[in-house]
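Inspection log for the structure reproduced underneath, given as structure tokens.
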Amino acid sequence: SSPANRSAARVRIDCIGAQSHGRAMSYRIFGSENSPYSVKVRSYFRYKGIPHEWIVRTPETAGEYKKYAKLPIIPAIATPAGEGMQDSTPVIEALEAGHPEPSIWPPGAELRFLSELLEEFGDEWGN
80 SSPANRSAAR VRIDCIGAQS HGRAMSYRIF GSENSPYSVK VRSYFRYKGI
130 PHEWIVRTPE TAGEYKKYAK LPIIPAIATP AGEGMQDSTP VIEALEAGHP
180 EPSIWPPGAE LRFLSELLEE FGDEWGN
């Protein structure tokens, strides 16, 4: 692919009001459109309005990806503190603690349990 195409894939921004040129983003998501786990995490960031940069994992972005990934899986998240996070469910749970509104959990312990059970089933058995 051409340098212009690689550049376009790297700076695709998925946050309302975020600027891509000349400004570092708070979070960077290394993922793929073909990965349901990557899309799940990106959807969470969009729902919450958390500023982020979507970086398609390619040979050109592999060096940066490897700085944050402990396992060769996607998505990998680079945090504002320069730490890496992986595995979609723990990533979302960690972010939810710091960004509780609007909540992704239904009210009440029973509904939350059911929500987490369905998420676990879909995450582990639905893909």
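Read in order, the letters of the sequence shown are residues 80 to 206 in my numbering.
Note that beta-carbon positions come from the ideal geometry of N, C-alpha and C, so glycine has one too.
Shown here, alanine 160 sits in coil according to DSSP, grouped into three states, outside any helix or strand. Here the stretch 137 to 156 makes no contact with the stretch 192 to 200; the two share fewer than three CB pairs at distances below 8 Å.
In the structure shown, the three-state DSSP call for isoleucine 108 is strand. Judged by beta-carbon spacing, isoleucine 152 lies beyond the 7 Å limit of arginine 136, meaning their Cβ atoms are not closer than that value. Inter-residue distance for glutamate 172 and glutamate 132 is about 19 Å (C-alpha atoms, whole angstroms).
The three-state secondary structure of alanine 176, taken from DSSP, is helix. Per DSSP, the unbroken beta strand (DSSP E) holding glutamate 132 starts and ends at 131 to 135. Inclusion of alanine 155 and phenylalanine 124 in the CB contact set at 7 Å is not warranted, their separation being larger than that value. Around the Cβ of proline 130, a 10 Å sphere holds 16 or more other Cβ atoms; the residue is buried. Distance from the Cα of tyrosine 126 is smallest, within the candidate group Ile183, Tyr116 and Tyr106, for Ile183.
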